[in-house]
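Visitor: Going by my numbering, the first residue of the sequence shown is number 631, and it counts up by one from there.
Yeah, the Cβ is synthetic: ideal placement off N, Cα and C, and Gly gets one too.
Just passing along the structure, written as structure tokens.
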Amino acid sequence: MSEDTVRLKVAAAMPKDQGRGIIRLNSDVRNHLGVRSGDYVLLKGVKETIAVCWPSLKEDEVLDMVRMDGLIRSNAGVRLGEMVEVRKVDIPDATRVVLAPSQPVRFQQGFDGYLKQQILNRPIARGDVILISSIGQGLQFTATSVIPPKYGRITPDTELEVLNKPAKVEQTSIPDVTYEDIGGLGKELVKIREMIELPMKS
């Protein structure tokens, strides 16, 4: 492990941070890594993912841990209480991203544009799972392709393709992704319902 990488114990995100794609680090760790609030960090467990760094809460300042929600934990392949490697990373703008649902879905016209707005400016890595709320449950998508390779940031210029059929992706057993990890999309539920039909009928 290089000097610009730290290993920290994984802790749960606070409720207000659920679904925001952020992790929280104390000031000592941020200074060691050379990151400021809003910088991107790479998290490496069984898998790798990208998140946005935010300062730790005041009560966490003396603790060597990283707070993250269940979705980020799943994308990094770690569980609560386990150790994860954290380092600063510069990521390019993604030129193209392909998302595949976890089950067959029929989308109404315009859904891909709406979904893009929900993840705009978010970092995304190949293999990452994203969740949005739909019809009382979490609708899951996997990033099957990210160009440039590995990871990038979703911008207004990113070409986003949303597949109707699920892709074959590697299954992991990180069970602590919760419905709360979807985050603050509750007020958008009706709009999403109008764009999605589950399941797809043959």
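For Gly757, name the three-state secondary structure that DSSP assigns.
Guide: Start at 1 with the first residue of the sequence shown, and residue 757 comes out as number 127. If DSSP states are grouped into helix, strand and coil, Gly757 belongs with coil.
Visitor: Kindly list the residues whose CB is nearer than 8 angstroms to the CB of Asn794, restricted to its own chain and excluding five residues on each side of it in sequence; keep chain order.
Guide: Mapped onto the sequence shown, residue 794 falls at position 164. Excluding residues within five positions, the ones whose Cβ falls inside 8 angstroms are Pro731, Pro734, Val735, Arg736, Phe737, Met830.
Visitor: Touching or not, the region 655-663 and the region 679-694, by the rule of three or more beta carbon pairs under 8 angstroms?
Guide: These segments touch.
Visitor: Answer with buried or exposed for Arg654, where buried requires no fewer than 16 other C-beta atoms within 10 angstroms of its C-beta.
Guide: Counting from 1 along the sequence shown, the entry for residue 654 is found at position 24. That one is buried.
Visitor: Using CA coordinates, which residue listed in Gln747, Phe771, Pro778, Ile762 is at the minimum distance from Pro796?
Guide: Residue mapping note: residue 796 aligns to position 166 of the sequence shown, counting from 1. Ranking Gln747, Phe771, Pro778, Ile762 by Cα distance to Pro796 puts Phe771 first.
Visitor: Which same chain residues end up closer than 6 angstroms to Leu663 when comparing Cβ atoms and leaving out the 5 residues on each side of it in sequence?
Guide: For the purposes of this step, residue 663 is taken as residue 33 along the sequence shown, with counting starting at 1. The residues are Lys718.
Visitor: On the premise that Ala706 lies in contact with Thr725, defined as a C-beta separation below 8 angstroms, what is that separation, rounded to the nearest angstrom?
Guide: Along the sequence shown, one-based indexing puts residue 725 at 95. Along the sequence shown, one-based indexing puts residue 706 at 76. Thr725 to Ala706, Cβ: 24 angstroms. No contact.
Visitor: By a C-beta neighbour count over all protein chains shown, 10 Å radius and 16 as the cutoff for buried, is Asp647 buried or exposed?
Guide: The sequence position of residue 647 within the sequence shown is 17, counting from 1. Result: buried.
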